[in-house]
Amino acid sequence: MSSQADPRGLFTHSDFWIGLSLTVFGGAAAAMAWSFDAMSRSYPLALSLLLAAMGVLLILKTLLTQTPSVHFGLATRVAALCALVLVLWIAALGFGLGFIGPTLVMQFAFLWICGLRPAGKAVLFSVLITAAGYLIFVFLLSVRLPESIAPWLL
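Per the working numbering, the sequence shown starts with residue 9, numbered consecutively.
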């Protein structure tokens with residue numbers, strides 16, 4: 009992966025466009041979440057506003073620092089693979105495969121795509137992230153997670 013400073017400015021920097029995309033998608037998701045009923049609104053609204061805020065912070069970081077820009081080819085491949093993993097995770101939830109199994113596989117895939125090696129380390133972090141997500145959603149936030157058609161499979 010080669011990075012190099014791009015002398016042409018802000019609009020050619022990959023982080024600017026990623027930040028702008030996060031801000032736009034987060035804002036659009038917040039607008040959709042705002043139309044939910046009061047009981048359903050809080051989590052999607054908070055997450056979408058957090059996504060938009062992260063996008064704004066990335067844009068500001070790009071404005072304030074002279075970091076090298078990574079070529080869009082790498083970012084595009086990573087984003088496409090992560091989008092595919094996310095779609096497969098949503099499908100797995102929709103088909104009734106439960107929360108833990110699909111989430112564990114999704115976390116492993118994200119970590120592997122982003123270059124975390126060896127596999128044992130990625131598995132360990134996947135288990136920790138999935139367990140933390142489960143504990144936070146189920147016990148701290150009292151969110152009912154999707155039920156599994158085969159509960160013995162997690």
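Note that beta-carbon positions come from the ideal geometry of N, C-alpha and C, so glycine has one too.
Where does residue i land, buried or exposed, given buried means 16+ other C-beta within 10 angstroms?
i    : result
P110 : buried
S56  : buried
S48  : exposed
I144 : exposed
I157 : exposed
L68  : exposed
S134 : buried
W42  : exposed
I26  : buried
F118 : buried
P159 : exposed
L18  : exposed
F107 : buried
M40  : exposed
Could you have a look at residue i and say whether DSSP puts it in helix, strand or coil?
i    : result
L148 : helix
S156 : strand
L68  : helix
L94  : helix
L105 : strand
M9   : Note on M9: pLDDT 46, under 50, position unreliable in the model; the coordinate value appears next. It is coil, neither helix nor strand.
L124 : coil
Q176 : Limits of the chain in this structure are 9 at one end and 162 at the other, which puts residue 176 out of reach.
T75  : coil
Following the continuous alpha helix (DSSP H) through residue i, name the residue where it begins and the one where it ends.
i    : result
D23  : S22 to W42
L18  : Premise fails: L18 is in no alpha helix (DSSP H) and is neither H nor E.
L143 : A127 to L143
I'd like to check one pair, residue j with residue i: are the Cβ atoms closer than 8 angstroms?
i    : j    : result
L30  : G63  : yes
F147 : A130 : no
S22  : A100 : no
T138 : L105 : no
V95  : I121 : no
To the nearest whole angstrom, what separates the beta carbons of residue i and residue j, a pair I think is in contact under 8 angstroms?
i   : j   : result
A37 : L59 : 7 angstroms
T70 : F33 : Between F33 and T70 the Cβ distance is about 17 angstroms, and since that is not below 8 angstroms, they are no contact.
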